[in-house]
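J.: Right, I'll just put the structure down here and ask away after.
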Amino acid sequence: MTDPKYEQNGIQGKSNELITDFDPPKPPKRNKYAFACAMLASMTSVLLGYDIGVMSGAQKYIQKDLGCSDNQLEILVGIINLYSLAGSAAAGRTSDWIGRRYTIIFAAAIFFVGAILMGFATNYAFLMVGRFVAGIGVGYALMIAPVYTAEVSPASARGFLTSFPEVFINAGVMFGYVSNYAFSYVDPYHLGWRLMLGIGAIPSVFIAMGVLGMPESPRWLVMQGRLGDARAVLDKTSDSLEESKLRLADIKKAAGIPEECNDDIVQMTKQSHGEGVWKELLIHPTPTVRHILMAGLGIHFFQQASGIDAVVLYSPRIFEKAGIVKDTPQLLATVAVGFVKTVFILVATFFLDKIGRRPLLLSSIAGMIVSLMSLGIALTIIDHSDHKITWAIALCIVTVLSYVAFFSIGMGPIPWVYNSEIFPLRLRAQGCSMGTAMNRVVSGVISMTFLSLYKAISIGGAFFLFTGIAAVGCVFFYTLFPETQGKSLEEVEQVFGSFFRWRSTQAALDRKKEAELTVANSKVQS
């Protein structure tokens, strides 16, 4: 006979196992290694942010020192965005050739040279040469940082980690504003503005040194046929070994490598090295690729066309038009803009993977529409008044701050996150470089024409125009943008292709997934 004591212990053990089985799954801990890699890669975005922030305050000193007209000044301020096109266009192919990691180092080196040239500029033409070199580096950095981060991140934290580039852009803007304020006390019309621009070379040195300690992107390693190296990186950057195996299987499938192939080194075809990508993207795109292109290019268009660079680059001018005429209060108000922008982008990073991309994007642009409309009304009232209106000045300051806050919770980070998620592996580098190019072209047009625009239609009219563009963007996002939260990069591709009917496609995929899970569970139970 069985001892009742042992029988009781056995029953108790089984019941404990059952209780354990029904415990809710614990959320995976943040992968610290992936976190560190994403942070280092995203720090390249500081370079663009610093340039935007520092030019906001330095431009008035440059104008007085070099004797520039308003037209020359707006070209000088905005031209770096068009120069960066050459960098972003070349970055896709360069990153496929030498790898994501060395492309980041290359970007930092180019910006270093550009910052030094700007710091030593003696005339307008010399300064433009420095802007050109720095712009190439900015284009490389903008394209490669979100691509590397998306490819190294586990699905559970991809939105959080891929939003880091925008976090560091905002940090760079903040540093630029602080630099303006600090060096405005050091002979600003001769030495000060040169220090403001030249000191931007320092971060690029530390970025290049830090990136040397990062691993290469596992997806790029697979495209080179280095499965063994990719497996080692995925083991370190995944939440579990099971997830690492699943990620490797997905990447192999996307790269056209047979599932059963487990060699450390495999021979890749030319197609896997990027041949024919532009043909597939632009000449003979499938409905899926067309939908992805519309979404990827559209989100970058509306991010910039809704006026963010006009506010960030020309905030001292806006505050001057609002009635704040002295340099120090203008620069302090501008620092407040940078502070609010940075704080709210940090808030956004923690909600991207919890709330999802769509809710944050739609709430962000709705808040921007209200803020832009209110700013336009306040500036129009001030423009048509012959005396100081305190409440309208206060409303201008509040609406500028609310505008950058709403921008930062959605429209700021999500274009970079979304673009790095939706393009298939074989098209990702070139697709993201197209998105970056769209972003920089529109940013360049806005920043190079804002002064002329507000002189033509009034400063209030300029912000009414941005309001209308943002409203069109809101409709565009609501109708055409599927949610990508929680999906693997390879699953995301399946949702696209049905354009305005993407919701029914998503529902069908969800039903299919549920059915597969039910079948799998029934097999386990049997």
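The sequence shown lines up with residues 171 to 696 when you count with this note's numbering. Heads up, the beta-carbon is just placed ideally off N, CA and C, and yes, glycines get one too. Since the model is a prediction, treat every value here as computed from it, not as a measurement.
Please go through the same chain and pick out, in chain order, the residues whose beta-carbon is closer than 8 Å to the beta-carbon of S555, but skip the five residues on each side of it.
T.: Start at 1 with the first residue of the sequence shown, and residue 555 comes out as number 385. Counting only Cβ-Cβ distances below 8 Å, and skipping sequence neighbours, we find A562.
J.: Helix, strand or coil for I494 per DSSP?
T.: In the sequence shown, counting from the first residue as 1, residue 494 sits at position 324. Three-state DSSP puts I494 in coil, outside helix and strand.
J.: Could you please give the first and the last residue of the uninterrupted alpha helix (DSSP H) stretch that includes N251?
T.: Mapped onto the sequence shown, residue 251 falls at position 81. Its alpha helix (DSSP H) spans residues 240–268.
J.: CB V507 to CB V574, shorter than 7 Å?
T.: Residue 507 sits at position 337 when you count from the first residue of the sequence shown. Residue 574 sits at position 404 when you count from the first residue of the sequence shown. Yes, Cβ-Cβ distance for V507 and V574 is below 7 Å.
J.: Which first and last residues belong to the alpha helix (DSSP H) in which G329 is found?
T.: Here residue 329 refers to the residue found at position 159 of the sequence shown. Element bounds for G329: 328–332.
J.: Between A503 and F489, is the Cβ-Cβ spacing less than 7 Å?
T.: Within the sequence shown, numbered from 1, the residue matching residue 503 stands at position 333. Within the sequence shown, numbered from 1, the residue matching residue 489 stands at position 319. Taking 7 Å as the Cβ cut-off, A503 and F489 qualify as a contacting pair.
J.: Alpha carbon to alpha carbon, how far is N609 from A285? Give it in angstroms, no decimals.
T.: Residue 285 sits at position 115 when you count from the first residue of the sequence shown. Residue 609 sits at position 439 when you count from the first residue of the sequence shown. Linking A285 to N609 through their CA atoms gives a straight-line distance of about 22 Å.
J.: Flag this pair as touching only if the segment 390–404 and the segment 232–242 have three or more C-beta atom pairs under 8 Å; answer yes or no.
T.: no
J.: Report back the beta-carbon spacing between I616 and T654 to the nearest angstrom; my notes put them in contact at under 8 Å.
T.: To locate residue 616, count along the sequence shown from 1; it is residue 446. To locate residue 654, count along the sequence shown from 1; it is residue 484. I616 to T654, Cβ: 27 Å. No contact.
J.: Quick check on DSSP: helix, strand or coil for P195?
T.: Position 25 of the sequence shown holds residue 195. At P195, the pLDDT of 48 sits below 50, so the modelled position is not reliable; the number obtained from the coordinates is stated separately. It is coil, neither helix nor strand.
J.: For N293, which residues of its own chain have a beta-carbon under 8 Å away from its beta-carbon, when the five flanking residues on both sides are left out?
T.: On the sequence shown, residue 293 is found 123 positions in, with the first residue counted as 1. Only L236 meet the Cβ criterion.
J.: Where V375 and P388 are concerned, what is the direct C-alpha to C-alpha distance, given to the nearest angstrom?
T.: Along the sequence shown, read from residue 1 onward, the residue named residue 375 stands at position 205. Along the sequence shown, read from residue 1 onward, the residue named residue 388 stands at position 218. Straight-line Cα distance between these residues: approximately 25 Å.
J.: Would you please state the rounded distance, in angstroms, between the beta carbons of S333 and A518? I believe it to be under 8 Å.
T.: Here the question's residue 333 lines up with position 163 in the sequence shown. Here the question's residue 518 lines up with position 348 in the sequence shown. Indeed, because the Cβ distance is near 6 Å, the residues count as touching under 8 Å.
J.: According to DSSP, is I559 helix, strand or coil?
T.: Residue mapping note: residue 559 aligns to position 389 of the sequence shown, counting from 1. Of the three classes helix, strand and coil, the one that applies to I559 here is coil, per DSSP.
J.: Check whether the Cβ atoms of S265 and I314 lie closer than 7 Å to each other.
T.: What you label residue 265 is simply residue 95 of the sequence shown in a count that begins at 1. What you label residue 314 is simply residue 144 of the sequence shown in a count that begins at 1. Contact flag set, yes.
J.: Entirely within the segment 508–586 and at least 4 residues each: give me those alpha helix (DSSP H) ranges in chain order.
T.: 527–553, 560–576
J.: Where DSSP assigns a beta bridge to R396, which residues make up the other side?
T.: Position 226 of the sequence shown, counted from the start, is the residue given in the question as residue 396. I435.
J.: Suppose only complete runs of 4+ residues qualify. What are the alpha helix (DSSP H) ranges in the segment 339–373, listed by chain order?
T.: Segments of the alpha helix (DSSP H) lying fully in the segment 339–373: 363–368.
J.: By Cβ distance, which residues of its chain are closer than 6 Å to R681, with the 5 residues on each side in sequence left out?
T.: Taking the first residue of the sequence shown as position 1, residue 681 is located at position 511. Once the five neighbours on either side are set aside, R681 has no close Cβ partner at all.
J.: Looking at the structure shown, is K175 part of a helix, part of a strand, or coil, going by DSSP?
T.: By one-based count along the sequence shown, residue 175 stands at place 5. Any reading at K175 must be qualified, since the residue scores a pLDDT of 48, below 50, and its modelled position is unreliable; the value itself is stated next. In the three-state reduction of the DSSP assignment, K175 falls in the helix class, which pools H, G and I.
J.: Is the Cβ-Cβ distance between T560 and S541 less than 7 Å?
T.: Numbered from its first residue, the sequence shown carries residue 560 at position 390. Numbered from its first residue, the sequence shown carries residue 541 at position 371. It is not a contact, given that the beta carbons lie outside the stated cut-off.
J.: State buried or exposed for E336, treating a residue as buried only when at least 16 other CB atoms are found within 10 Å of its CB.
T.: Translated into the one-based positions of the sequence shown, residue 336 becomes position 166. Around the CB of E336, 16 or more other CB atoms lie within 10 Å, so the residue is classed as buried.
J.: Measure the C-alpha to C-alpha separation of A599 and F647 and round it to an integer number of angstroms.
T.: As a position in the sequence shown, residue 599 is number 429, starting the count at 1. As a position in the sequence shown, residue 647 is number 477, starting the count at 1. If I take the Cα positions, the gap works out to 23 Å.
J.: Excluding five sequence neighbours on each side, which residues of the same chain lie with their C-beta closer than 8 Å to the C-beta of M298?
T.: Residue numbering aside, residue 298 sits at position 128 when the sequence shown is read from its first letter. Closer than 8 Å at Cβ, skipping near neighbours: L246, I249.
J.: Relative to the C-alpha of F620, which candidate in M344, I478, A211, L367 has its C-alpha closest?
T.: Residue numbering aside, residue 620 sits at position 450 when the sequence shown is read from its first letter. Out of M344, I478, A211, L367, I478 has the C-alpha closest to the C-alpha of F620.
J.: Should L218 and V308 be called a contact, given that it needs their Cβ atoms to be closer than 7 Å?
T.: Within the sequence shown, the letter at position 48 stands for residue 218. Within the sequence shown, the letter at position 138 stands for residue 308. Yes.
J.: Using alpha carbons as the reference points, say which of I525, F520, L501 lies closest to I567.
T.: The residue given as residue 567 occupies position 397 in the sequence shown. Selected option, being the one with the closest Cα: L501.
J.: For the alpha helix (DSSP H) that M209 lies in, which residues bound it at each end?
T.: Here residue 209 refers to the residue found at position 39 of the sequence shown. It spans 202–212 - the alpha helix (DSSP H) in which M209 sits, taken as one unbroken run.
J.: CB D523 to CB G630, shorter than 7 Å?
T.: What you label residue 523 is simply residue 353 of the sequence shown in a count that begins at 1. What you label residue 630 is simply residue 460 of the sequence shown in a count that begins at 1. Here D523 is not near G630, since their CB atoms are 7 Å or more apart.
J.: Is the distance from the Cβ of F509 to the Cβ of M538 below 7 Å?
T.: Along the sequence shown, one-based indexing puts residue 509 at 339. Along the sequence shown, one-based indexing puts residue 538 at 368. Against a cut-off of 7 Å, the Cβ pair of M538 and F509 comes out as no contact.
J.: Would DSSP call I427 helix, strand or coil?
T.: Here residue 427 is taken as the residue at index 257 of the sequence shown, counted from 1. Residue state, collapsed to three classes: coil.
J.: Closest to I369 by C-alpha separation, out of D405, N340, G289, would be which residue?
T.: Along the sequence shown, one-based indexing puts residue 369 at 199. When each option's Cα is compared against that of I369, the closest is G289.
J.: Between which two residues does the alpha helix (DSSP H) containing E321 stretch?
T.: Position 151 of the sequence shown holds residue 321. For E321, the uninterrupted alpha helix (DSSP H) run begins and ends at 294–322, by DSSP.
J.: For K657, which of helix, strand or coil comes out of DSSP?
T.: For the purposes of this step, residue 657 is identified with residue 487 of the sequence shown, where counting begins at 1. Three-state result, K657: coil.
J.: For M384, which residues in the same chain have their Cβ closer than 6 Å to its Cβ, ignoring the five residues on either side in sequence?
T.: Here residue 384 corresponds to residue number 214 of the sequence shown, with the count starting at 1. The answer, listed in chain order, is C207, L210, R271.
J.: Check whether the Cβ atoms of N241 and D409 sit closer than 7 Å, and answer yes or no.
T.: As a first step, residue 241 must be located in the sequence shown, where it is residue number 71. As a first step, residue 409 must be located in the sequence shown, where it is residue number 239. Their beta carbons are not under 7 Å apart, which means N241 does not touch D409 by this criterion.
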